[in-house]
Amino acid sequence: MDGIKEDAIHNTALKLAEEIKNLSIYKSFYSDIQKLVSSPNVKKEDFKQSLQEAMKEKGLDTKLRNTVYHWVRTQSKNNKLDPLTCLSKASSQWEKRIHKSLNSMCSDLETSLAKLRPQSEQDDIAEKWNELSTYSLDLSKYRPVYAPKDFLEVLLTLSGYVPFTREDEPKWEFAHLPLQVKTLDQLRKEYPEWASGEPLLGANPESRCALGGGALGAERAALGARVSALRYAPVAQEFLKRGSPHCLRAGLWAQVLGVEITPHQTANFNQLKKSVLEVDLMIDKLIFKDVQLTASNDDQYFVFEDLLYQVMLCFSRDGEILQQLKGCVGSALTVTIKGKQTSPDNTTVFPPSGIIPFHGFSMYATPFCYLYDEPVQLYYTFRAFYIRYWHRLHNISTHPQGIVSLCLLYERLLEANEPLLWIHFKNINIHPVRVVFKWLMRAFSGHLPPDQLLFLWDAILGYDSLDILPLLAVAILSFRKENIFQVNTIQNVDAVLADLSTISIVPLLQLALMKP
Amino acid sequence: MNPDSKKLAASFYGRVNAPIVERCRVNFCTDLEKSVLMSNFERRGWHQVSPDDEWNFYWASTQTCRNLFSVESGYRMNDNQMINHFPNHYELSRKDLLVKNIKRYRKELEREGNPLAEKAEVVLQGGQVVTRYVHLDFVPVTFVLPADYNMFVEEYRKSPQSTWIMKPCGKSQGTGIFLINKLSKLKKWSREAKAPFHPQLTKESYVISRYIDNPLLIGGKKFDLRLYVLVTSFRPLKAYLFQLGFCRFCTVKYDTSVTELDNMYVHLTNVSVQKHGGDYNSIHGGKMSVQNLKLYLEGTRGKAVTDKLFAAMQWLIVHSLKAVSSVMANDRHCFECYGYDIIIDNQLKPWLVEVNASPSLTSTTVNDRILKYKLIDNILSVVLPPEGVPDVRWNKQPNVEALGNFDLLIDEELMEKDEQTSASNRGHKSHKNRTT
Numbered sequence: 001m002d003g004i005k006e007d008a009i010h011n012t013a014l015k016l017a018e019e020i021k022n023l024s025i026y027k028s029f030y031s032d033i034q035k036l037v038s039s040p041n042v043k044k045e046d047f048k049q050s051l052q053e054a055m056k057e058k059g060l061d062t063k064l065r066n067t068v069y070h071w072v073r074t075q076s077k078n079n080k081l082d083p084l085t086c087l088s089k090a091s092s093q094w095e096k097r098i099h100k101s102l103n104s105m106c107s108d109l110e111t112s113l114a115k116l117r118p119q120s121e122q123d124d125i126a127e128k129w130n131e132l133s134t135y136s137l138d139l140s141k142y143r144p145v146y147a148p149k150d151f152l153e154v155l156l157t158l159s160g161y162v163p164f165t166r167e168d169e170p171k172w173e174f175a176h177l178p179l180q181v182k183t184l185d186q187l188r189k190e191y192p193e194w195a196s197g198e199p200l201l202g203a204n205p206e207s208r209c210a211l212g213g214g215a216l217g218a219e220r221a222a223l224g225a226r227v228s229a230l231r232y233a234p235v236a237q238e239f240l241k242r243g244s245p246h247c248l249r250a251g252l253w254a255q256v257l258g259v260e261i262t263p264h265q266t267a268n269f270n271q272l273k274k275s276v277l278e279v280d281l282m283i284d285k286l287i288f289k290d291v292q293l294t295a296s297n298d299d300q301y302f303v304f305e306d307l308l309y310q311v312m313l314c315f316s317r318d319g320e321i322l323q324q325l326k327g328c329v330g331s332a333l334t335v336t337i338k339g340k341q342t343s344p345d346n347t348t349v350f351p352p353s354g355i356i357p358f359h360g361f362s363m364y365a366t367p368f369c370y371l372y373d374e375p376v377q378l379y380y381t382f383r384a385f386y387i388r389y390w391h392r393l394h395n396i397s398t399h400p401q402g403i404v405s406l407c408l409l410y411e412r413l414l415e416a417n418e419p420l421l422w423i424h425f426k427n428i429n430i431h432p433v434r435v436v437f438k439w440l441m442r443a444f445s446g447h448l449p450p451d452q453l454l455f456l457w458d459a460i461l462g463y464d465s466l467d468i469l470p471l472l473a474v475a476i477l478s479f480r481k482e483n484i485f486q487v488n489t490i491q492n493v494d495a496v497l498a499d500l501s502t503i504s505i506v507p508l509l510q511l512a513l514m515k516p
Numbered sequence: 001m002n003p004d005s006k007k008l009a010a011s012f013y014g015r016v017n018a019p020i021v022e023r024c025r026v027n028f029c030t031d032l033e034k035s036v037l038m039s040n041f042e043r044r045g046w047h048q049v050s051p052d053d054e055w056n057f058y059w060a061s062t063q064t065c066r067n068l069f070s071v072e073s074g075y076r077m078n079d080n081q082m083i084n085h086f087p088n089h090y091e092l093s094r095k096d097l098l099v100k101n102i103k104r105y106r107k108e109l110e111r112e113g114n115p116l117a118e119k120a121e122v123v124l125q126g127g128q129v130v131t132r133y134v135h136l137d138f139v140p141v142t143f144v145l146p147a148d149y150n151m152f153v154e155e156y157r158k159s160p161q162s163t164w165i166m167k168p169c170g171k172s173q174g175t176g177i178f179l180i181n182k183l184s185k186l187k188k189w190s191r192e193a194k195a196p197f198h199p200q201l202t203k204e205s206y207v208i209s210r211y212i213d214n215p216l217l218i219g220g221k222k223f224d225l226r227l228y229v230l231v232t233s234f235r236p237l238k239a240y241l242f243q244l245g246f247c248r249f250c251t252v253k254y255d256t257s258v259t260e261l262d263n264m265y266v267h268l269t270n271v272s273v274q275k276h277g278g279d280y281n282s283i284h285g286g287k288m289s290v291q292n293l294k295l296y297l298e299g300t301r302g303k304a305v306t307d308k309l310f311a312a313m314q315w316l317i318v319h320s321l322k323a324v325s326s327v328m329a330n331d332r333h334c335f336e337c338y339g340y341d342i343i344i345d346n347q348l349k350p351w352l353v354e355v356n357a358s359p360s361l362t363s364t365t366v367n368d369r370i371l372k373y374k375l376i377d378n379i380l381s382v383v384l385p386p387e388g389v390p391d392v393r394w395n396k397q398p399n400v401e402a403l404g405n406f407d408l409l410i411d412e413e414l415m416e417k418d419e420q421t422s423a424s425n426r427g428h429k430s431h432k433n434r435t436t
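From first to last, the protein sequence lines are chains B and F. Number 347 in full-length UniProt numbering belongs to position 347 of the first sequence; there are no gaps in the numbering. Number 120 in full-length UniProt numbering belongs to position 120 of the second sequence; there are no gaps in the numbering.
Listed below in structure tokens is the structure:
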């Protein structure tokens, strides 16, 4: 028995060693180890022991552990091909629709998807790179390719593929989809710290405005400083479960996501900037338009407008995103760059990131402005967050963390735990997901005040799960149910739920997760 | 409520002879029919009357208030009347008097040998060494013109490359303000100011202050803070700070180059100025909440420096109030809500720019309206005794619940009491020690 187990460990170790060799850090890591071996700290007679100690001392041990941690995380998310063919079909149809709409917008506006930027324009953008809000563009004819509302319509047709057998079955449930979602009891097991009523940061709404933050704040700050100094990703992740002090969040999030700003990263970012300058993609105007429509009009984010233009434009040029999300998002367009000599490299993947922004897309990035004022740092943490989570919120898949499963989870939670609300929605013939879909799709960004939003995203990183989004949606509905019972149109329900500025998410979620 | 139902309600609650509605009846009077004021008065069920009627609560303009208190008016307020200004609020709100009072306050402390008045030498950007107060250096170096012209020139010569800002003493909302970086420009102005044949036409007085040319920028833009401070008494000093202040951003990137010196959209954060700029956004009005500023600073700069900044702002407010407390006419009928304008420099040091005795109650955005509605609501609940009717005999110690979004900044009466009790406790203890 032990022998088998040891063999298994041995095989895993071999596989890991092979995998690590393929990672980008391998070369520098290996040479660091070589340097260490030749140092007097490592003794020939006690090689293993002394090398391990020396590695610990130099921090290479933590680096290796973090590498394994991040590698394991990337593995688990690469799930097999979509088992529900209908969803993959719907997904590719939706994708085609987006591409078609992009193309028709292009021909309507008599422009092309990709063209070389004339030198004068390049100089202009380069000069205004730090204040792109002053870069004048006529965007009056540009419209977002799609809005959360449009995406929801597509999702709602998904359930239509099963023929209705019974009269009384409502036509608007996701329940027909053969997907497994958790129950509230299962969620309680997923969030044990919250469910058992442990003290959480942000749980005391009074401390929100107060200058101090109370005893818990001081305790978390002291512990957090130690965790942060440890630089060991799994510990940082564990710490985030109970909420991070605002001042440590920037560092802890980067640790959990494995973001480290090296000269290589900075150079890479500058390269992305260069490609923004060189090639004019139609998507740039959509990005400008989106920031203008969302962040620029938002009192919480308008000051960061210029930073967001930079980050979102570079994001669209980043081929690594497409690379890392292969199989998770659909295939991208390939288009010819107008104005370039006919040669093998006159085509480009459009956009290089493979991600076509929708109305509100920039809101995935805006909250990071409260953590990083350097565009490079902001960019890489946002990108890592996107690759790990946000792409699931606007792509059709059967992944348990995908938007379809989250919608279904929301429905099941509502039906099981707020049956009266469920019946009310049924009576007034409003699909319950309609009133919360924009929250789910944007992970509440722009809907909650930033301090609350950051606590919510702490929990996403800490528990490595988006399940908290539908749970919060149900908790808010439950909190406002008396007012919802009073109204019977979608406009009025929206009005009841429009202002979330007074919501304290931690106590609300904890209340939902604690046993009655 | 008709009499029958009132009776019913009274018996229902078991209080037969307590006609609550009558007892709480407050007659109010106002010069500004701003909706944030009116809706608050209405919500409290107050009754509007004209200034000539019997009023309990007057939300007046500073002018009306001065007239009421003037000797000529001969108006005497009774115990159940209250008004929203102190008669000589200008000691704090006029730019020249504020500076004069702060200078005097520092001198007094220095004479007493108070450690607060400690001085130290600091090195300016140009390398000159000047002596500054360590703890009370919270207003930029300022002179009144034309009176202090010679003193100004002396200071100017110490660092001729710095920029100065000229503001007319009696104006507000950014009118009449300009920047100066050459003495010649000021000389020209002063020549024009002194019209030798019409001495009565001399231009109004100005203050000239060292311009904070290294402001903290967020997103490349300059901003200032508007904080609300409520004072219910000057002797003993009782003051409260409203948590929901906001930052006012310029719409244009900050630029210190000489060519932009005359571009007021770069330098002045006043909404009344920024509103006319092409980039003004009417949804947020260039305003961000102080809570979000704090969140941003904690997230990007750390907690220690952020806490220090916010403590320094409270310090600045308390000492600016202490500086005027001895000269303020401390009428028991008065309270006042001040709009503090503060600029933070890139070393995270706050500077007091000016104090407004009638901060704008106009709402430029939805959030603005919510904030100002809460401000008025909280002011009313702090200044009124728990029974809800103005009464000068009340000790002006509101309950914690009545504070709403106000934090207590200072209450000298409470401090004195605390000192007494702790002193007597100490005395008790030592007595005990002796007996054992």
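For each residue, glycine too, the CB sits at the ideal point set by N, CA and C.
Chain-ordered chain F contacts of Pro450 (chain B) [CB-CB under 8 Å]: Asn292 and Leu295
Assuming Tyr370 (chain B) and Gly299 (chain F) are in contact, meaning their beta carbons sit under 8 Å apart, how far apart are those beta carbons, in whole angstroms? 5 Å
Show which residues of chain B have a CB atom less than 7 Å away from the CB atom of Thr364 (chain F). Neighbours of Thr364 (chain F) on chain B: none; closest Cβ ~11 Å, over 7 Å.
Interface residues of chain D facing Gly219 (chain F) [CB-CB closer than 7 Å]: This model lacks chain D altogether; the protein chains it does include are B and F.
Residues that Asn130 (chain B) contacts on chain F, provided the C-beta gap is smaller than 9 Å: Gly220 and Lys253
Extent of the continuous beta strand (DSSP E) run through Ile410 (chain F): Phe406 to Asp411
Just reading off the beta strand (DSSP E) that Cys29 (chain F) is part of, what are its end residues? Per DSSP, Cys29 (chain F) is one residue of the beta strand (DSSP E) stretching across Asn27 to Thr30.
How should Gln324 (chain B) be labelled, buried or exposed, when 16 other C-beta atoms within 10 angstroms of its C-beta is the threshold for buried? buried
Buried or exposed by the 16-neighbour rule on C-beta atoms within 10 Å, applied to Lys96 (chain B): exposed
Please name the residues in the segment 339–353 of chain F whose beta-carbon is closer than 8 Å to at least one beta-carbon of chain B, in chain order. none
Look at the Cβ atom of Met312 (chain B), then the Cβ atom of Ser362 (chain B), and state whether they are nearer than 8 Å. yes
Quick check: what's the CA-CA separation for Ser422 (chain F) versus Glu412 (chain F)? Roughly 15 Å between the two C-alpha positions.
Among the residues of its own chain, which have a CB less than 8 Å from the CB of Tyr463 (chain B), if the five just before and after it don't count? Glu190, Tyr191 and Lys241
Going straight from the alpha carbon of Ala304 (chain F) to that of Ala311 (chain F), what length do you get? 11 Å
Buried or exposed (CB count within 10 angstroms, at least 16 for buried), Glu482 (chain B): exposed
Excluding the five sequence neighbours on either side, which residues of its own chain have a C-beta within less than 6 Å of the C-beta of Ala384 (chain B), listed in chain order? Leu257 and Val259.
Whole-Å CB distance - Glu354 (chain F) paired with Lys95 (chain F), under 8 Å assumed: About 6 Å separates the two Cβ atoms, so the contact holds.
Would you mind working out which of F:Ser424, F:Asn395, F:Trp394 and F:Leu371 sits nearest Asn40 (chain F), comparing C-alpha positions? F:Leu371
Report yes or no: is there a C-beta of chain F within less than 8 Å of the C-beta of Ala498 (chain B)? no
Looking at the structure shown, is Asp341 (chain F) part of a helix, part of a strand, or coil, going by DSSP? strand
Just to make sure I have the definition right: I need the residues of chain F whose C-beta is within less than 8 Å of the C-beta of Asn297 (chain B). Which are they? Asn281, Ile283 and His284
Name the residues in the segment 220–244 of chain B whose C-beta lies less than 9 Å from a C-beta of chain F; which are they? Taking 9 Å as the Cβ-Cβ cut-off against chain F, the residues of the segment 220–244 of chain B that qualify are Ala221.
Using a C-beta cutoff of 8 Å, does His246 (chain B) count as contacting chain F? yes
For a contact defined as C-beta to C-beta under 7 Å, what are the partners of Phe249 (chain F) on chain B? Val303
Whole-number beta carbon distance between Val26 (chain F) and Asn56 (chain F), since they are thought to touch under 8 Å: For a cut-off of 8 Å, the C-beta gap from Asn56 (chain F) to Val26 (chain F) is around 5 Å, short enough to register as a contact.
Please list the residues of the segment 354–371 of chain B that have a C-beta atom closer than 7 Å to any C-beta atom in chain F, keeping them in chain order. Tyr370 and Leu371
Same chain, Cβ closer than 7 Å to Val68 (chain B), five either side skipped, listed in chain order: Cβ neighbours of Val68 (chain B) beyond the five flanking positions: Leu16.
So what does Glu336 (chain F) bridge to, in DSSP terms? F:Val231
Would you say Met415 (chain F) lies against chain B (beta-carbon separation less than 8 Å)? Taking CB atoms only, Met415 (chain F) has no neighbour in chain B less than 8 Å away.
Does the beta-carbon of Tyr75 (chain F) have 16 or more other beta-carbons within 10 angstroms, so that it is buried, or is it exposed? exposed
Would you identify the three-state DSSP class for Met328 (chain F), choosing helix, strand or coil? Met328 (chain F): coil per DSSP, three-state reduction.
Per DSSP, the bridge partner or partners of Trp59 (chain F): F:Thr30
Beta-carbon proximity list for Asn199 (chain B), same chain, < 6 Å, skipping 5 on both sides: For clarity, residue 199 (chain B) is Pro in the given sequence; the question names Asn instead. Contacts found: Leu216.
Listed by chain order, chain B residues near Glu298 (chain F) by CB distance under 7 Å: His246 and Cys247
DSSP state of Tyr133 (chain F) mapped onto helix, strand, coil: strand
Name the DSSP beta bridge partners of Cys169 (chain F), please? DSSP lists no partner for Cys169 (chain F).
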